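Single-structure report; data block below.
Below you can see the structure in the form of structure tokens.
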């Protein structure tokens, strides 16, 4: 049986008169090469979701073309600009009016410990989203930044000590100019009770313990203090700031969110 | 040291002039008793998130009151009405203008196999969301319904067989009148290639195999056919229909979404 | 086509001469009623795995019978004794020489806060395992107990404060006599830097903060101190103690394990 | 305060007389470079766990040295041999008698579709484990291979069609000689109802549909047929074969395991 005579069900005309907002492939794991703020390449692994709109008259999209697109961009060095270009390319390949690409991947920064200066990688969970129409492309970056939070109430009411814990700060933002991920991460880490490192020597551990004790923050303080910093950035057109504290004194989280 | 003289940091006045959209507790596991469509009680376990708005002048919310609220409603039989009442109660207890409660829990339906009629429980993942302001409360229900999907293309181009797989259909809806969860689930299962049961005897297995083969559906067909049914329900003011096929021929999913 | 003439493929003789260690159903969500230490019933939801051995000459097991078994025990009040009886019943229903049942479920204890005595539920993840042969049944209980750990090094080297975090202690044990889950949980919580509660008032928060500061423990101390306590229990024939600290100063865990 | 006078709590002598089986760091995300079967490098991301034994007299291990080790090997091209060398190095750095390293990472193979020959990456979840003592190092590889399974019973009892689904085959093995991961994966994929590809054109989809229909396999058949193939490999000293079918007609899995 030749390839040509296989019926193409997806290309049939649909009679239900119902357009589909988005259709495509979801949660496919595929490598990605990210260019970091110094222009260095970082090979990492992303979970991708690629979807397009489908007009009321088309029965189905062409799923295999999303894979072809992924393969096309596999060895390219991805910047937000390149990622948006990829979404534009997707609309063409799928003959679609609009569509979204999102990729979630771990991103590493080589940090120096605060006192000993020993270096180690810290992992941040990043999500890039490109929302493309025939007219424009919106790029959103989401970064999950792990930090320490130390409870102001616990410190104020106790003779010694204060409960503290790991927290995740999740920043989502849309900007009129590209903002380096390292810049956002730095801004957020500066507003935490303390930032994290993967490798700490004893003098470093002393430093982070005392630093956190000197900077108590509620989950509410975290999102407010970061909001003040983001409000100073004129290029940011929209943001959402979420903080989740994995409370060391409970088996649940404290959570706060501010949206611009 | 007496309780009275412990400083109340959360109640201090905040000078940053930044209101917080939502703050509260997240992902706390707590029992819930659900009333099913026949008024029977079902004891299940939910992950709860309870959050309220916080005005610019308040430093922090009172986290422990969310737990007090949960404890208050632990032994009540929860209906959408009672769940909304709980959200109203939350606003009062926290002195907040608006707030959300959401609870995610497994919900079971005792189904009869199609031929043998043997009974077994099937689990559905349900999410209830109450969004309360001082003026009104919006209730959204989200139900994840596992079904079989069978690929029309695979069937049409192959001499025999057709690839099929488990799919999750996720229905989110807001309605002006209460719609029974069993009714939504029935509507969705009727539009799948085939519905699922936990217990099937051989005659049942034959039935579901042939039934699915006779009802091939793309991920696009699933969301469209369900949209047609939901459009017939006048009480529904908003819906989102998502379908995710855990493709048996790939290691990724096909996905489609329609929103009213 | 009548039910009787459907071929029974599973019952065919297998010619490959390879016995199967375990075969069955995995990760099925189904309700379970647990009897707690005071004999009160607790309705919760378990993920079940039920498997049996299959001799070299049998082609397949009868998957639907596992569901029939689950349905049979759905409304029974489960104790370790009843759970073991269920595994014996499974061997008969499946005509198998040996088999395992395991069920993972959240279990709740109503705890009084240390100072205010307000009550709230804390959730523990429990796993029951019954390993049955025609001769005997082994029962293993696994309990995951969330606690606070406070770092002795951080405390010793810092002028003030000490990093602390939520930790999970996982106790697995086999005993010649039934040991109440509440008893194991109490024993473990006593050896942590501090135990957890879902609801704490300010005087309670002060108490847990100072208590943890007065009881610094490395991940190594946690497993050793619990081992000392478990060694005092003569009925325990085997145990494993694991501690995982979700470090507040890192984005990874510290981990230790002792096995008897 | 100078670095020298910070007390070293971990190095104190412990009086409890309880050795610790393993202690270290768990679930740290860090890059890894894998050499594939053609000697080509593949940059991927692993979750690492590194642990060592601790004698009864030592109070604590030195957690930061695990990070130093990870950093040392970050840019090396990892083979099973290099991975074992790393574990030996760990024992020296931590002055330990025995210890384990395990790393879990996605591994990609560039596959050609069966008819069209178009190429696409398929992801496999791999776990490497090195168990080191001062005398010897044991290396275990675990590979999770996604495949299609098609039910022989469903095919035999139905007039047309047969339910099929994605399955995960998990192979764990210890070998006296290095076995290429590609070789294990090929062996397993040959025994499935059909192997998977990320990108299939219509002629390929027809091929996989008919191929699976012609190769029905129960979960029991999958583990037995793979066992026969692994038994032919003389270098394998131990194996475990697990198959999990994400049943398309149920909301739970069928599961089987054989261990040599």
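Chains as they are written, first to last, in this note's numbering: chain W, 8 to 267; chain R, 8 to 267; chain F, 8 to 267; chain V, 8 to 267.
Glycine is no exception: its CB is placed at the ideal position from the N, C-alpha and C atoms.
Here the structure is a predicted model, which means the values were calculated and not measured.
{"query": "Which same chain residues, not among the five before or five after residue 65 (chain R), have their C-beta less than 7 Å away from its C-beta?", "result": "21"}
{"query": "Less than 8 Å separating the beta-carbons of residue 23 (chain W) and residue 60 (chain W)?", "result": "no"}
{"query": "For a cutoff of 8 Å on Cβ pairs, would you count residue 225 (chain W) as touching chain F?", "result": "no"}
{"query": "Quick check on the DSSP output: what are the complete beta strand (DSSP E) runs of length 3 or more inside the stretch 203-253 of chain W, in order along the chain?", "result": "243-252"}
{"query": "Does residue 255 (chain W) come within less than 8 Å of chain F when only Cβ atoms are used?", "result": "yes"}
{"query": "Is it the case that the Cβ atoms of residue 51 (chain V) and residue 113 (chain V) are separated by a distance below 8 Å?", "result": "yes"}
{"query": "Using only alpha-carbon positions, find the residue among V:141, V:192 and V:201 that is nearest to residue 169 (chain R).", "result": "V:201"}
{"query": "Beta-carbon separation of residue 195 (chain W) and residue 176 (chain W) under 8 Å?", "result": "yes"}
{"query": "For the alpha helix (DSSP H) that contains residue 94 (chain R), what are its first and last residues?", "result": "87-101"}
{"query": "Taking only three categories from DSSP, how would you classify residue 185 (chain F)?", "result": "coil"}
{"query": "Thinking just about the alpha-carbon of each residue, which of V:197, V:100, V:267 and V:263 is nearest to the one in residue 241 (chain V)?", "result": "V:267"}
{"query": "Taking 8 Å as the CB-CB limit, is residue 24 (chain V) close to chain W?", "result": "no"}
{"query": "Quick one, are the C-beta atoms of residue 171 (chain F) and residue 94 (chain W) less than 8 Å apart?", "result": "no"}
{"query": "Using only CA atoms, which one of V:56, V:158 and V:135 lies nearest to residue 253 (chain V)?", "result": "V:158"}
{"query": "Residues in the stretch 60-75 of chain F with C-beta within 8 Å of chain R's C-beta atoms, listed in sequence order?", "result": "71, 74 and 75"}
{"query": "Whole angstroms is fine: what's the gap from residue 8 (chain R)'s alpha carbon to residue 68 (chain R)'s?", "result": "Caution is warranted here: a pLDDT of 40 is assigned to residue 8 (chain R), below 50, making its placement in the model unreliable, and the coordinate value is therefore given only provisionally. The straight-line gap from Cα to Cα measures roughly 24 Å."}
{"query": "Is DSSP giving residue 117 (chain V) helix, strand or coil here?", "result": "strand"}
{"query": "Name the chain W residues that come within less than 9 Å of residue 151 (chain F), Cβ to Cβ?", "result": "What residue 151 (chain F) touches in chain W: nothing, since even the nearest Cβ is about 10 Å away."}
{"query": "Between residue 262 (chain R) and residue 226 (chain R), which are expected to be in contact by the criterion C-beta below 8 Å, what is the C-beta distance as a whole number of angstroms?", "result": "6 Å"}
{"query": "Just the Cα atoms here: how many angstroms apart are residue 178 (chain R) and residue 107 (chain R)?", "result": "19 Å"}
{"query": "Taking 8 Å as the threshold (beta carbon to beta carbon), is residue 198 (chain W) in contact with chain V?", "result": "no"}
{"query": "I think residue 135 (chain W) touches residue 109 (chain W), with their Cβ atoms under 8 Å apart; what is that distance to the nearest whole Å?", "result": "7 Å"}
{"query": "Under the assumption that residue 181 (chain V) contacts residue 145 (chain V) (Cβ atoms under 8 Å), give the Cβ distance between them as a whole number of angstroms.", "result": "6 Å"}
{"query": "May I have a chain-ordered list of the beta strand (DSSP E) segments no shorter than 3 residues that lie completely inside the stretch 139-170 of chain R?", "result": "144-157"}
{"query": "State yes or no: is the beta carbon of residue 108 (chain R) nearer than 8 Å to at least one beta carbon in chain F?", "result": "no"}
{"query": "Would you please state the rounded distance, in angstroms, between the beta carbons of residue 73 (chain V) and residue 39 (chain V)? I believe it to be under 8 Å.", "result": "The Cβ separation is near 15 Å, so there is no contact."}
{"query": "What is the rounded straight-line gap between the Cα of residue 137 (chain V) and the Cα of residue 115 (chain V)?", "result": "22 Å"}
{"query": "Return the residues of the stretch 215-241 of chain V that lie within a Cβ-Cβ distance of less than 7 Å from chain R, sorted by chain order.", "result": "215, 216, 217, 219 and 220"}
{"query": "At a Cβ threshold of 8 Å, is residue 130 (chain R) touching chain V?", "result": "yes"}
{"query": "I need the DSSP call for residue 192 (chain F), collapsed to helix, strand or coil.", "result": "helix"}
{"query": "Taking DSSP as the reference, what is the three-state secondary structure of residue 75 (chain V)?", "result": "helix"}
{"query": "Checking the sheet assignment: what are the DSSP bridge partners for residue 31 (chain W)?", "result": "W:58 and R:262"}
{"query": "So residue 164 (chain W) contacts chain F; which residues on that side make the cut at Cβ distance below 9 Å?", "result": "209, 210, 212, 213 and 216"}
{"query": "For residue 170 (chain V), which residues in chain R fall below 8 Å Cβ to Cβ?", "result": "155, 171, 212, 215, 216 and 219"}
{"query": "In whole angstroms, what separates the C-alpha of residue 269 (chain R) from that of residue 120 (chain F)?", "result": "This structure leaves residue 269 (chain R) out entirely; chain R is present only between 8 and 267."}
{"query": "Quick one: residues in its chain with C-beta nearer than 8 Å to the C-beta of residue 48 (chain R), no 5 flanking neighbours on either side, listed in chain order?", "result": "40, 41, 42 and 84"}
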